[in-house]
Amino acid sequence: MRDELLNETLFLGLDHACEKLAAWVNDYNHLRPHSALAYQTPAAFAANLSTTCDRRKRCFQATSLRATGCA
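Given below as structure tokens:
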């Protein structure tokens, strides 16, 4: 962020700084793929992670219920 935003931008005030920062964060999280995330954006990676975790949680709960005889 320092190289891409802070060192290159002359902020004209607090509101201007907030606008520029919000735009940079949006670009970073929603538009820019990251090699560490298999070239997905952080937002897409988080959405896929949430889906995977929810699916695993449901599978774990169903397995636990069957093991206790509650299902």
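Heads up: the sequence shown runs through residues 1 to 71, numbered per the numbering used here.
Quick reminder that beta carbons are idealized off the backbone N, C-alpha and C, glycines included.
Expected contact under 8 Å - CB spacing of residue 41 and residue 31 to nearest Å: 7 Å
Between 43, 9 and 36, which lies nearest to residue 28 when the distance is taken from Cα to Cα? 43
Short of 6 Å in beta carbon distance, which residues of its chain neighbour residue 39, apart from the five on each side in sequence? Order them along the chain. 33
C-alpha distance - residue 26 paired with residue 7, whole-angstrom precision: 19 Å
Could you tell me the boundaries of the alpha helix (DSSP H) in which residue 15 lies? 14 to 26
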